[in-house]
Amino acid sequence: MYMQDFGDDSDPMIFTGEKIRYQFDEYLLQSYDIIEINIKTTSPELNELFAVVTGGDGNNNMGMMGGGQGGGDIFFMNGYTLDDEGKVELPLIGELSLVGYTTKQAKELIEEEVKKYVNEDEFFVRVRLGGIRFSALGEFNVPGKLTVLQNRVTIFEAIAAAGDMNIIAKRNELVLVRQYPDGSQIHRINLNDKNILGSEYYFIRPNDVLYAEPLRVREVGTATNFIQTLTLITSTITAIAITATLVRN
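Under this note's numbering, the sequence shown has 980 at position 20, and the numbering climbs by one with no breaks.
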């Protein structure tokens, strides 16, 4: 169950809640991010040069979902990975530092460099993230390292990509480990609270780690193994009772 506190209503099937405004800050590129840089010009020679690294038509897969073994691999092979100094190396242009830039700012910077070789109205530049890569650990049905090939991914889309949280996961205390330019920070998120829709954690970021902790009840046995646990306890009690009866007789 998610976002349970919608309030009282006589007919919940037609309940309409208030609109909650998104809090979405433009993502600033960090070292080891993978980005798509697509440069097209009116010059066939330059297009061939840029296509060698940018992957040509291979970037038409944006919008799909992929798991840890596939999905975003085309961007890993054909995209640009910011090095540990936040730089990428482009054909003809050379090294550019993009760390701390939004994709829009990175696009504008590259456009200024391309203008040195091509007239302003004779080229096109596109820069975008090579999908959102994140890790799902703990009580997910499909844990692992995952990629969603979209520019923006909500925390619920990320959970769906990981096969949803299983029945023993803590939904009121999901652990989010987020990377920042100066280090990583741990956040705890209550997925039962509708106010998450307006929080800065509603949209996940590249390299986020989601960890679903188990409920304490797991120590006893729940869900799929509850019946097995109950059967074992019942059988044990029955065996003890039969043994005690035989001894008395």
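Virtual Cβ for every residue (Gly too), placed ideally from N, Cα, C. The structure presented is a predicted model; accordingly, all values stated were derived computationally and were not measured.
Can you tell me which residues form a DSSP beta bridge with residue i?
i, result
"glutamate 1080", "DSSP output for glutamate 1080 lists no bridge partner at all."
"proline 1174", "Ala1129"
"serine 1057", "Lys1047"
"aspartate 1168", "Phe1094"
"phenylalanine 1163", "Thr1114"
"phenylalanine 1216", "This structure cannot settle anything about residue 1216, because the visible part of the chain is limited to 961 through 1209."
Once you ignore the five residues that flank residue i on each side, which residues in its own chain have a CB closer than 7 angstroms to its CB?
i, result
"phenylalanine 1163", "Phe984, Arg1112, Val1113, Thr1114"
"glutamate 1071", "Val1085"
"serine 1159", "Gln983"
"glutamate 1068", "none"
Mind checking which residues open and close the alpha helix (DSSP H) that includes residue i?
i, result
"glutamine 1065", "1063-1074"
"isoleucine 1119", "1115-1121"
Helix or strand or just coil, what does DSSP make of residue i?
i, result
"glycine 1039", "coil"
"isoleucine 1146", "strand"
"phenylalanine 1094", "strand"
"phenylalanine 1010", "helix"
"leucine 1089", "strand"
"isoleucine 980", "coil"
"leucine 988", "coil"
Can you tell me where the beta strand (DSSP E) holding residue i begins and where it ends?
i, result
"glutamate 996", "994-1001"
"leucine 1134", "1134-1140"
"glycine 1104", "1104-1108"
Which same chain residues, not among the five before or five after residue i, have their C-beta less than 6 angstroms away from its C-beta?
i, result
"threonine 1063", "Val1087, Arg1088"
"glutamine 1139", "Asn1167"
Kindly list the residues whose CB is nearer than 8 angstroms to the CB of residue i, restricted to its own chain and excluding five residues on each side of it in sequence; keep chain order.
i, result
"lysine 1047", "Glu1055, Leu1056, Ser1057, Leu1058, Val1059"
"glycine 1032", "For glycine 1032, the predicted model reports a pLDDT of 49, less than 50, meaning its position is unreliable; a value from the coordinates is still stated below. For glycine 1032, where only same-chain residues beyond five positions count, the Cβ hits under 8 angstroms are Ile994, Gly1026, Gly1090, Gly1091, Arg1093, Thr1107, Leu1109."
"threonine 1182", "In this prediction, threonine 1182 has a pLDDT of 49, which is less than 50 and means its spatial position is unreliable; what the coordinates show is noted afterwards. If we look at threonine 1182 and ignore the five residues flanking it on each side, its Cβ neighbours are Ile1127, Ile1128, Leu1175."
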